[in-house]
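Just so we're aligned, residue 967 is where the sequence shown starts under our numbering, counting upward by one.
Quick reminder that beta carbons are idealized off the backbone N, C-alpha and C, glycines included.
Values in this document were obtained by computation on a predicted structure and should not be read as measured data.
Take a look at the structure set out below.
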Amino acid sequence: MSDTDFETVDDDYEDDDFEDDDFDEDGDINTIEVPTARNVLEYLVKSVVENPDDVEVEIVERQGSVTLEVTVAEGDMGRVIGRRGRVANSIRTLVRAAASKDGSPIDVEFVD
967 MSDTDFETVD DDYEDDDFED DDFDEDGDIN TIEVPTARNV LEYLVKSVVE
1017 NPDDVEVEIV ERQGSVTLEV TVAEGDMGRV IGRRGRVANS IRTLVRAAAS
1067 KDGSPIDVEF VD
């Protein structure tokens, strides 16, 4: 292959390359959205717990990695974790598979 076989990519962006929906409230385009993974996680956790109204999923971005933090009612944490963490590991596996549709690797943490 020669150097002429490859196309060059222009790294300069024009203002009209992005729409208003691409920016968050602060005007930053570097936010990572994982709607599929978040929705799957919320659905799975709400299906397991006794108090589905108390389930909260927060997206946290740290140094380029995305973590979905799950908070549940006090008595429901045992249900979400399961024996030897089997339920939690299964939820993590399914949510990571769903995150592939979003195009972003994620982690899932269950917060007390």
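Ranking Thr1037, Ala1054 and Ser1031 by CA distance to the CA of glutamate 999 puts Ser1031 first.
Taking 8 Å as the upper bound for CB-CB distance, leucine 1007 and valine 1046 are not in contact here, some 11 Å apart. The Cβ neighbour count for valine 1038, taken over all protein chains shown within 10 Å, is at least 16; the residue is labelled buried. Leaving aside the five residues that flank glycine 1048 on each side, the residues in its chain whose CB is nearer than 7 Å to its CB run, in chain order, Ala1054.
Of the other Cβ atoms in all chains shown, 16 or more fall within 10 Å of the Cβ of aspartate 1042; this residue is therefore buried. Shown here for proline 1001: same chain residues with a beta carbon closer than 8 Å to its own, the five before and five after excluded, namely Asp1068 in chain order. Assigned with DSSP and collapsed to three states, valine 1061 falls in helix.
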